[in-house]
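Here is the structure we will look at, set down as structure tokens.
2 protein chains.
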Amino acid sequence: MLKEERQQFILNEVGIHNRILLTDIADQLNVSVDTIRRDIKELHAAKQLKKVHGGAVSLGFNNYNPTGKKIYSLEKKSRIAEKALELIKDGQVILLSGGTTNLELARMLPPKLKLTCFTPSLPIAVQLLGKNNIEVIFIGGRLSKDSQITVGGSAINMLSEIKVDICFLGTNSIHPMEGLTEFDWEIVQMKKAMIHSSRKVVSPCISEKIGSLQRYKICGVEEVDVLITELEPWDVKLDAFKNLNIQIL
Amino acid sequence: MLKEERQQFILNEVGIHNRILLTDIADQLNVSVDTIRRDIKELHAAKQLKKVHGGAVSLGFNNYNPTGKKIYSLEKKSRIAEKALELIKDGQVILLSGGTTNLELARMLPPKLKLTCFTPSLPIAVQLLGKNNIEVIFIGGRLSKDSQITVGGSAINMLSEIKVDICFLGTNSIHPMEGLTEFDWEIVQMKKAMIHSSRKVVSPCISEKIGSLQRYKICGVEEVDVLITELEPWDVKLDAFKNLNIQIL
DNA sequence: TTAAATACTGCAAGATTTTGCCGTATTTTG
DNA sequence: CAAAATACGGCAAAATCTTGCAGTATTTAA
Numbered sequence: 066m067l068k069e070e071r072q073q074f075i076l077n078e079v080g081i082h083n084r085i086l087l088t089d090i091a092d093q094l095n096v097s098v099d100t101i102r103r104d105i106k107e108l109h110a111a112k113q114l115k116k117v118h119g120g121a122v123s124l125g126f127n128n129y130n131p132t133g134k135k136i137y138s139l140e141k142k143s144r145i146a147e148k149a150l151e152l153i154k155d156g157q158v159i160l161l162s163g164g165t166t167n168l169e170l171a172r173m174l175p176p177k178l179k180l181t182c183f184t185p186s187l188p189i190a191v192q193l194l195g196k197n198n199i200e201v202i203f204i205g206g207r208l209s210k211d212s213q214i215t216v217g218g219s220a221i222n223m224l225s226e227i228k229v230d231i232c233f234l235g236t237n238s239i240h241p242m243e244g245l246t247e248f249d250w251e252i253v254q255m256k257k258a259m260i261h262s263s264r265k266v267v268s269p270c271i272s273e274k275i276g277s278l279q280r281y282k283i284c285g286v287e288e289v290d291v292l293i294t295e296l297e298p299w300d301v302k303l304d305a306f307k308n309l310n311i312q313i314l
Numbered sequence: 066m067l068k069e070e071r072q073q074f075i076l077n078e079v080g081i082h083n084r085i086l087l088t089d090i091a092d093q094l095n096v097s098v099d100t101i102r103r104d105i106k107e108l109h110a111a112k113q114l115k116k117v118h119g120g121a122v123s124l125g126f127n128n129y130n131p132t133g134k135k136i137y138s139l140e141k142k143s144r145i146a147e148k149a150l151e152l153i154k155d156g157q158v159i160l161l162s163g164g165t166t167n168l169e170l171a172r173m174l175p176p177k178l179k180l181t182c183f184t185p186s187l188p189i190a191v192q193l194l195g196k197n198n199i200e201v202i203f204i205g206g207r208l209s210k211d212s213q214i215t216v217g218g219s220a221i222n223m224l225s226e227i228k229v230d231i232c233f234l235g236t237n238s239i240h241p242m243e244g245l246t247e248f249d250w251e252i253v254q255m256k257k258a259m260i261h262s263s264r265k266v267v268s269p270c271i272s273e274k275i276g277s278l279q280r281y282k283i284c285g286v287e288e289v290d291v292l293i294t295e296l297e298p299w300d301v302k303l304d305a306f307k308n309l310n311i312q313i314l
């Protein structure tokens, strides 16, 4: 592997994750840590990233979600986000709902990808603001303190005026019979509106949430075009969905 | 976890909550309190926060900005924001434009003050989200990368539908004859709309910007009801404004 | 084409940093 | 004032960094 390639890879990883561990990279590329260390040293000198003890971080941008809430099941969500990335093509217009899985997706969007991205989520907007090739359009409205997305008539109104290629709908509960359900009524309204504004609905959902039920119904399973989970395709939990949609690992 | 990440996390927490407890952070990050103590010590030495018994607090002025841009003249802006606070009464509906002075104002809003607050600024929205008694309504639209506020037709449209008690209009240039001017055309449009949506227009403005001129005109001085600056009332720079408005130290 | 020069990579030894823990001061609180 | 919480300094283990060196690959030049 050429040095150039390696360094490109490193920059890419930093772009996606905002931080890397020396050992991780060395492991992934099957070279010694010394080599990576030297690469990082060079990239640091070239001001492409910031070298820190144990690895490197991206320049000038914050590594954390702005509101500092803890994210659970980050590994799984990261895997799901990775899969979700494959659905996005250059130049598309997408809609990201709230939720930490989508935040992870936002973080992982490659720096070179050109997109127009609608979102009602404050943390996601902050994250996307750091990506120069992404045009961010924020859905205005009243900010809900705990979900950190905008809700209410104004937001729904704004949603009614758009039509996007793909909507990534962070999902709290999905059930083979009952469809998507949600705890918060205002968010239900938002998600309904998002579905109406999208040609394709993708539902990233960690396994814990599959099969669960909550108070209010958003829509039936038939409205969802793609379900993304971290489970293997043959997992029993997915059987009930097999006659309906596309599923991905 | 990298030291860098940890420290970023700490700064984030301080930026949002204005204060942190040593034990809280240690708990959240699963490291010993000693480690956090050392981090805080370093950050204190780097003047990123103020170390206190049991934790840390943010410095007198705000340096939380998600994109890591530098803020100049913080002292002055802090003083101006303090003055601006006096104009706000419990239960009012206010509109905060972008800019670091307004960000500072947002940070200084007392936690018990009940307000409804409109803003097109992403950093301000993040800051306000941490205050439980403030209802935040975000003006949606396309996010401008460098100013970090929403702009464009959609945002202006949303502004046209509201009427607030006070608008705090972050000001780039104010001139006794030419009025308020701005460099960016899109922001001009936004500010015009904000003025129309407000019963009272307040212009917080550091002395460097008084008397300066930029490319596009927003409005005449007569549209501004209050000018807030850090200068003493008898300063020569203010003479030209004396027959027009209220001025505060 | 061949030989020399140069660049790249992995390894190892010693230096440095990071981190948790412990005992002892210091501060806070009732 | 006394108990509890917090701060501080030193210590040791683990991780990471630095540096020099040697073997291999790549480029340059004759």
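If you're matching them up, the sequences are chains B and H in order.
Residue numbering for the first sequence follows the working numbering, starting at 66 and increasing by one per position.
Residue numbering for the second sequence follows the working numbering, starting at 66 and increasing by one per position.
Cβ atoms here follow ideal geometry from the backbone N, Cα and C, with glycine treated the same way.
Along the chain, where does the alpha helix (DSSP H) that runs through residue i open and close?
{"i": "V98/H", "result": "98 to 110"}
{"i": "K68/H", "result": "68 to 82"}
{"i": "N167/H", "result": "165 to 173"}
State buried or exposed for residue i, treating a residue as buried only when at least 16 other CB atoms are found within 10 Å of its CB.
{"i": "E78/B", "result": "buried"}
{"i": "Q93/B", "result": "exposed"}
{"i": "P298/B", "result": "exposed"}
{"i": "S186/B", "result": "buried"}
{"i": "Q72/B", "result": "buried"}
{"i": "N83/B", "result": "buried"}
{"i": "G120/B", "result": "buried"}
{"i": "H240/H", "result": "buried"}
{"i": "K179/B", "result": "exposed"}
Taking the beta strand (DSSP E) that residue i falls in, what are its first and last residues?
{"i": "G120/B", "result": "120 to 122"}
{"i": "S268/H", "result": "263 to 269"}
{"i": "D230/B", "result": "229 to 233"}
{"i": "G244/B", "result": "244 to 247"}
Return the CA-CA distance between residue i and residue j, expressed in angstroms with no decimal places.
{"i": "L224/H", "j": "C232/H", "result": "12 Å"}
{"i": "G195/H", "j": "T181/H", "result": "14 Å"}
{"i": "L207/H", "j": "L278/H", "result": "Checking the sequence, you will find Arg at residue 207/H rather than Leu. Going from the Cα of R207/H to the Cα of L278/H covers about 27 Å."}
{"i": "A149/B", "j": "G276/H", "result": "52 Å"}
{"i": "T165/H", "j": "N237/H", "result": "11 Å"}
{"i": "D290/H", "j": "T215/B", "result": "31 Å"}
{"i": "N95/H", "j": "D89/H", "result": "10 Å"}
{"i": "K307/H", "j": "Q213/H", "result": "34 Å"}
{"i": "N197/H", "j": "S209/B", "result": "11 Å"}
{"i": "G217/B", "j": "A91/B", "result": "48 Å"}
{"i": "S272/H", "j": "D155/H", "result": "29 Å"}
{"i": "E295/H", "j": "E226/B", "result": "44 Å"}
{"i": "L86/H", "j": "S97/H", "result": "13 Å"}
{"i": "A110/B", "j": "L76/H", "result": "26 Å"}
{"i": "C284/H", "j": "K141/B", "result": "53 Å"}
{"i": "M259/H", "j": "P175/H", "result": "24 Å"}
{"i": "E288/B", "j": "V266/B", "result": "7 Å"}
{"i": "N167/H", "j": "A146/H", "result": "7 Å"}
{"i": "S219/B", "j": "D300/H", "result": "45 Å"}
{"i": "G163/B", "j": "E251/B", "result": "13 Å"}
Please report whether the beta-carbon of residue i lies at a distance below 8 Å from any beta-carbon of chain B.
{"i": "F248/H", "result": "no"}
{"i": "R103/H", "result": "no"}
{"i": "V286/H", "result": "no"}
{"i": "M223/H", "result": "yes"}
{"i": "G206/H", "result": "yes"}
{"i": "S219/H", "result": "yes"}
{"i": "I202/H", "result": "yes"}
{"i": "T165/H", "result": "no"}
{"i": "T215/H", "result": "yes"}
{"i": "V96/H", "result": "no"}
{"i": "K154/H", "result": "no"}
Please name the residue or residues paired with residue i in a DSSP beta bridge.
{"i": "F203/B", "result": "T184/B, G206/H"}
{"i": "T215/B", "result": "L208/B"}
{"i": "V158/B", "result": "T181/B"}
{"i": "V253/B", "result": "In DSSP, V253/B forms no bridge with anything."}
{"i": "L86/B", "result": "G120/B"}
{"i": "S277/B", "result": "Paired residue(s): none; S277/B is not in a bridge."}
{"i": "I239/B", "result": "L245/B, I275/B"}
{"i": "K282/B", "result": "T246/B"}
{"i": "K115/B", "result": "V122/B"}
Chain H beta carbons: is any one of them nearer than 8 Å to that of residue i?
{"i": "N308/B", "result": "no"}
{"i": "V117/B", "result": "yes"}
{"i": "A111/B", "result": "no"}
{"i": "G120/B", "result": "yes"}
{"i": "K210/B", "result": "yes"}
{"i": "L194/B", "result": "yes"}
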